[in-house]
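Enquirer: All residue numbers for the sequence shown refer to the numbering used here, where the first residue is 824 and numbers rise by one. First the structure, then my questions, so here it is.
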Amino acid sequence: MYIAFLIVLGGLGLGLLAVGWRRGRSVLAALGALALLASFTLPGLWSFWAEWLWYDALGQGGRFWTQLRWEAIALLGGALGAALPVALLVRRTPAPRPLVVRLVPLVAALGGAALGAGAWQTLALAYHGGASGVTEPVFGRDASFYLFRLPLYDRLYGGLVWTVACGLFATLWSYFRMRPDGSFVPRREFASPLEQERARLPVLLAAAFAGLVLAWGAWLERYELLYSEHGVLTGPGWTDVHVRAPAYAIGAVLIALLTALPLVSSLRRIGALRRGEAVAEPEVGSLSWAATSWVAVGLVWLTGLWGVPQLVQWLVVVPREISYEKPYLADHIRFTREAFGLARANVQPFDASPRLDRATLERYRPLLDEVRLWDWRALLEVYDQFQELRLYYDFHDVDIDRYRFGGRYRQVMVSARELDITHLPARNRTFINRRFKYTHGYGITLAGVSEVTPEGLPHLLVSDIPPRAEAPELAVRRPEIYYGERTVEPVVVASREPEFDYPHGSDNVYTRYTGRGGVAFSNFWRRVVFGWKFDGTPLLLSSYLEPTSRMMWRRTVRERVAALAPFLTLDTDPYVVLAEGRLYWVIDAYTTSSHYPYSAPFRARETIPLSDGETISDRPLEHLDGANYVRNAVKAVVDAYEGTVQLYVFDPADPVIAAWQRVFPGLFRPADAMPAALRAHVRYPHELLLCQGLMAARYHMTDPEVFYNQEDLWVRATENYAGSVVPVEPYYVMWQRPGRREPEMAVILPFTPKGRQVLVGWIAGLCDGPDYGKLLTYLMPKDRTVLGPQQVESKIDQDGDLRRVLTLWESSGSEVIRGNVLAIPLGRTLLYVEPIFLRARTAAYPELRLVVVMHGERLGWGRRLEQALEHLLGGAPPPEPVARTGPPPTPSVPAPQPVAATRTAGPVAASAVHALAAEANAAFERYLALQAERRFTEAAEQLERLEHALRRLLETTTPAQQQR
824 MYIAFLIVLG GLGLGLLAVG WRRGRSVLAA LGALALLASF TLPGLWSFWA
874 EWLWYDALGQ GGRFWTQLRW EAIALLGGAL GAALPVALLV RRTPAPRPLV
924 VRLVPLVAAL GGAALGAGAW QTLALAYHGG ASGVTEPVFG RDASFYLFRL
974 PLYDRLYGGL VWTVACGLFA TLWSYFRMRP DGSFVPRREF ASPLEQERAR
1024 LPVLLAAAFA GLVLAWGAWL ERYELLYSEH GVLTGPGWTD VHVRAPAYAI
1074 GAVLIALLTA LPLVSSLRRI GALRRGEAVA EPEVGSLSWA ATSWVAVGLV
1124 WLTGLWGVPQ LVQWLVVVPR EISYEKPYLA DHIRFTREAF GLARANVQPF
1174 DASPRLDRAT LERYRPLLDE VRLWDWRALL EVYDQFQELR LYYDFHDVDI
1224 DRYRFGGRYR QVMVSARELD ITHLPARNRT FINRRFKYTH GYGITLAGVS
1274 EVTPEGLPHL LVSDIPPRAE APELAVRRPE IYYGERTVEP VVVASREPEF
1324 DYPHGSDNVY TRYTGRGGVA FSNFWRRVVF GWKFDGTPLL LSSYLEPTSR
1374 MMWRRTVRER VAALAPFLTL DTDPYVVLAE GRLYWVIDAY TTSSHYPYSA
1424 PFRARETIPL SDGETISDRP LEHLDGANYV RNAVKAVVDA YEGTVQLYVF
1474 DPADPVIAAW QRVFPGLFRP ADAMPAALRA HVRYPHELLL CQGLMAARYH
1524 MTDPEVFYNQ EDLWVRATEN YAGSVVPVEP YYVMWQRPGR REPEMAVILP
1574 FTPKGRQVLV GWIAGLCDGP DYGKLLTYLM PKDRTVLGPQ QVESKIDQDG
1624 DLRRVLTLWE SSGSEVIRGN VLAIPLGRTL LYVEPIFLRA RTAAYPELRL
1674 VVVMHGERLG WGRRLEQALE HLLGGAPPPE PVARTGPPPT PSVPAPQPVA
1724 ATRTAGPVAA SAVHALAAEA NAAFERYLAL QAERRFTEAA EQLERLEHAL
1774 RRLLETTTPA QQQR
């Protein structure tokens, strides 16, 4: 209907304009013009209004207008800056001017506007950017010049090149015409030499302007040397500093002079002709001389700015490269480490003590109780199987966090139960269901990282719908998730249509939204706007809408934060947090730049050589590719119910975020303003640690000679997962640093030397308290070998007894899944832990069946970590695990436990035994059917019936053997 309305409005306006024009009725013509204009502008105005309403609902209306103002300045500045010089040149061209020439200023304006439209961030940063306090050693400029002003100069240079091209085209086209033989001659005959000289003056002006632009570009190229890459060095080397930089300066002056000489000569010639003096031909001001000067410019560029520096590099520097480049390598290493935060790392030796005894294990018992046995990928499959509960719910991923409850500091794995409307059958994805009924997810599932039921499933601390919490500190009082990672669909809440809240048995519970998220339908005009933006006529004419109804869109966490702060690079993994009964999303945001001086860019390409000569390749962190400066300056918090967004600055010393705070004064809040309940869940980002780790693989070498020879390169350690060798991802652990009494959470990434599998070091980012944000680097001793994760995998494969068990499982059709190999620091020693999961042939989820531990050359394994540690210390080998053949209970329901056999007073009636057996069999068959239909709550009830029947059967039958 909207399109039809706009077509009718445009046709009506066109008709009124034509009638009014023919009959000379100006009022009618004006009304027609307004209607025609409205038919073109109303869609843009509706979209603009909707955008403003969205920002205003978040309390950021001022931020919306600030960005709009900067966009307007950049766009208009680009258009006018390109059009005005060209227009002035065109006005000086001789008449009559061809139509093409008269249109050139308009074309220049359009191109300038296009170039300026995307430059508002660069312009705002250049205006508000402050000093960084870091001075580069070549030109003595503060790093802020490169971060803020040089990017603007580069954009201005691009705009000036466009302007020059338009100006040259206009002046040359107006002066010359092409003859049939392909030669160019002046477009008209001139009555006098003075008239001819004036006619070609615009061409010489444009050429001189082009020369000045090129000269400025050559001058800027001096500063661009600080990003040049050659060999192992990023930034200027000896040849750049002593030859290229002076050559660019000299070249800039020569280019300006050579291109200005024809113009100066022409002006002198015009003056002489005005005075009636005779001027001989040819003269320096001729166009042929201008062409000659441009040939000279090309020769200067080729010889002085390319040829001479290349010869000096080959003949002087290369034969003694390390001697010449050593101080520049030192600067490059120092600035790269500063740009990625590696200079802040506290580097310490790690003894990797070969001693591990019971006293050590007992001393670190709180840490061992929090060893993460659940691989997040395996746990996600379990959550999907047992806690989705309905087909329209979805667990996107599993996040690792820590909570204080029950008097302990516990590491947990949590996932949000979001609603994904695409999981509904196509016939059920109606307009009403998509917009009004299925509006939100519900609750979380939370498990301890180390707790395992006898059936090999996680012990759930928060589960089910409505959420059931094992501890009062984990109670979820506001479980609805209107904003999340998968909440893509726009919805209308607080309407006349009840919203589906959660399932309850075979019935559904409905609710009505009572928050302030979204934008209210407070009047008819907003209904028009939202109808245009989303569903058209169905939403506009819907009878479910009320003035208090609210339109929610941009509901994903990343989308909301990106709309408010498009200048930040967002982490790809938001994580859900339970704080004071409410659910929040926390996402890390980075300030990045590719203009930090002397710093190497991060490359999202990684090749890891293996010991067998093979290599594995990875492309990690592609959203950071090309950045040579990264800071985790901001933590964004999104309320899962209200949708409010708060941006907290955690690195106020970062000059980039300081500049953005000046651009948008009301957008950011200091880190101290974050509520304590949320602050307790701030983490060192694993993506930041991975970025820093991949850079540290080279830039831990601070000695220029060692760095030049690349003789101590690191690579990420590798491990086995699902039959493949993969790089180790950063992982969160509970850790007690040497000399500390309290455990804390940290994120760790281990490294091995390139081409070898021994552990050479690891880096850790601290997450807790006043030490949050600190980076530690631990180096392994060089006088002995410390096994790496892949060598631990090899040792497991070589253990005969363990290999026999795994082979037996695989031969029975089950899938053996090796989990993460975790290196757990215990004081000054290192304990490796690897969980092993088993997925039965008939099951859709893995069970934790074995835990393998390794210290030095000793290996132990068992059903649980305690058994594995006992085996490691020389205890009896654990009983051989047996693969399950029947279905286990759900994680949140206790498993059936065998009851001690007792003798009865007399024989049991066969009918009673048969009845109980039939009841147990029926419950079991019903359980399997409900599991297949993914009706897990009802399946759990049948499981309880099965347990009850089996217990009664054991109580009424006589055991086959006497108890001893």
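For every residue, glycine included, the Cβ atom is placed at its ideal position computed from N, Cα and C. As the structure is a prediction and not an experimental result, all values here were calculated from the model.
Using DSSP with H/G/I as helix, E/B as strand and the rest coil, what is W1376?
Expert: Coil, per DSSP.
Enquirer: Return the chain-ordered list of same chain residues with a C-beta closer than 6 Å to the C-beta of G1108, the five sequence neighbours on each side being excluded.
Expert: Unreliable placement is indicated for G1108, whose pLDDT of 43 sits below 50; the coordinate value is still reported in the next sentence. The answer, listed in chain order, is P1085, S1088, S1089, R1092.
Enquirer: For V1351, I'd like the list of residues in its chain whose CB is within less than 8 Å of its CB, leaving aside the five on either flank, ordered along the chain.
Expert: Cβ neighbours of V1351 beyond the five flanking positions: W869, L1363.
Enquirer: Please look up how many angstroms separate the CB atoms of W1199 and V1221, rounded, as I've assumed it's under 8 Å.
Expert: Between V1221 and W1199 the Cβ distance is about 4 Å, and since that is below 8 Å, they are a contact.
Enquirer: Less than 8 Å between the beta carbons of F1323 and Y1261, yes or no?
Expert: Yes, they are a contact pair.
Enquirer: Report buried or exposed for Q1690, applying the criterion of at least 16 other Cβ atoms within 10 angstroms of its Cβ.
Expert: By the neighbour-count rule (16 or more Cβ atoms within 10 Å), Q1690 is buried.
Enquirer: Along the chain, which unbroken stretches of the alpha helix (DSSP H) at least 4 residues long are found entirely within the stretch 1366-1449?
Expert: Counting only runs of 4 or more, we get 1380-1387.
Enquirer: Counting along the chain, where does the alpha helix (DSSP H) carrying W869 start and finish?
Expert: 849-880 is the extent of the alpha helix (DSSP H) around W869.
Enquirer: Taking DSSP as the reference, what is the three-state secondary structure of P1573?
Expert: Correct three-state label for P1573: strand.
Enquirer: Quick check on R1686: does DSSP put it in helix, strand or coil?
Expert: In this structure, R1686 counts as coil in the three-state DSSP scheme.
Enquirer: Whose C-alpha, out of E1369, I1267, K1356, P1277, is nearest the C-alpha of V1316?
Expert: It is E1369.
Enquirer: Pull up the DSSP beta-bridge partners for K1458, would you.
Expert: According to DSSP, which records beta bridges pairwise, K1458 is partnered with D1411, Y1471.
Enquirer: Could you say which of S1345, V1384, A1386 lies nearest to M1374 if we only look at CA atoms?
Expert: Comparing Cα positions, the closest option is S1345.
Enquirer: Give the secondary structure of M824 by DSSP, where H, G and I count as helix, E and B as strand, and everything else as coil.
Expert: In this structure, M824 counts as coil in the three-state DSSP scheme.
Enquirer: Quick check on Q1133: buried or exposed, where buried means 16 or more other Cβ atoms within 10 Å of its Cβ?
Expert: Exposed.
Enquirer: If I'm right that P1420 touches A1070 with Cβ under 8 Å, what's the distance once you round it to whole angstroms?
Expert: Not really, about 20 Å apart at Cβ, beyond 8 Å.
Enquirer: Assuming contact is defined by CB atoms lying nearer than 8 Å, are E1429 and L1517 in contact in what I supplied?
Expert: Yes.
Enquirer: For a quick check, are the C-beta atoms of L1623 and Q1580 less than 8 Å apart?
Expert: Just to set this straight, residue 1623 is Gly in the shown sequence, not Leu. No; because the gap between Cβ atoms is not below 8 Å, this pair is not in contact.
Enquirer: Using alpha carbons as the reference points, say which of I1571, E1552, L1122 lies closest to R1560.
Expert: Of the listed residues, the one whose Cα sits closest to R1560 is I1571.
Enquirer: Between the alpha carbons of G1449 and P1550, how many angstroms are there, rounded?
Expert: Approximately 21 Å between the Cα atoms of the pair.
Enquirer: Just how far apart, CA to CA, sit R1240 and I1223?
Expert: Approximately 15 Å, taken between the alpha carbons.
Enquirer: Please state the DSSP three-state secondary structure of M1524.
Expert: If DSSP states are grouped into helix, strand and coil, M1524 belongs with coil.
Enquirer: According to DSSP, D1330 sits in a beta bridge with which residue or residues?
Expert: Its beta-bridge partners are H1327.
Enquirer: Should the stretch 1472-1479 be regarded as contacting the stretch 1492-1508, the criterion being three or more beta carbon pairs within less than 8 Å?
Expert: Yes: at least three Cβ pairs fall under 8 Å.
Enquirer: Consult DSSP for S997 and reduce its assignment to one of helix, strand or coil.
Expert: Residue state, collapsed to three classes: helix.
Enquirer: Check H1771 in the structure and name its three-state DSSP category.
Expert: H1771: helix per DSSP, three-state reduction.
Enquirer: Do A1743 and L1773 count as a contact pair if the criterion is CB distance below 8 Å?
Expert: Contact flag set, yes.
Enquirer: Quick check: the Cα distance between A1175 and T1183, rounded to an integer number of angstroms?
Expert: Their backbone Cα atoms lie some 14 Å apart in a straight line.
Enquirer: Pick from E1296, I1244, H1282: whose alpha carbon is nearest that of G1264?
Expert: Of the candidates E1296, I1244, H1282, the one whose C-alpha sits nearest the C-alpha of G1264 is I1244.
Enquirer: Below 8 Å on the Cβ atoms is my contact criterion, and I expect H1418 with L973 to pass it. Report the Cβ-Cβ distance as a whole number of Å.
Expert: The pair is a contact, with the Cβ atoms about 6 Å apart (cut-off 8 Å).
Enquirer: In angstroms, rounded to a whole number, what distance separates the CA positions of Q1515 and L1077?
Expert: Cα to Cα, the separation comes out at about 44 Å.
Enquirer: Which value, in whole angstroms, describes the spacing of the CA atoms of R1319 and S1372?
Expert: Those two C-alpha atoms are separated by around 8 Å.
Enquirer: Look at the alpha carbon of P1604 and the alpha carbon of G1578, and state the distance between them as a whole number of angstroms.
Expert: Approximately 18 Å, taken between the alpha carbons.
Enquirer: Kindly list the residues whose CB is nearer than 7 Å to the CB of I1288, restricted to its own chain and excluding five residues on each side of it in sequence; keep chain order.
Expert: Around I1288: L1212, Y1265, G1266, Y1325, P1326.
Enquirer: Given a cut-off of 8 Å on the beta-carbon distance, is the pair T994 and T916 in contact?
Expert: Yes, they are a contact pair.
Enquirer: Is the beta carbon of L1165 sitting closer than 8 Å to the one on A1540?
Expert: Not in contact: L1165 and A1540 (Cβ atoms no closer than 8 Å).
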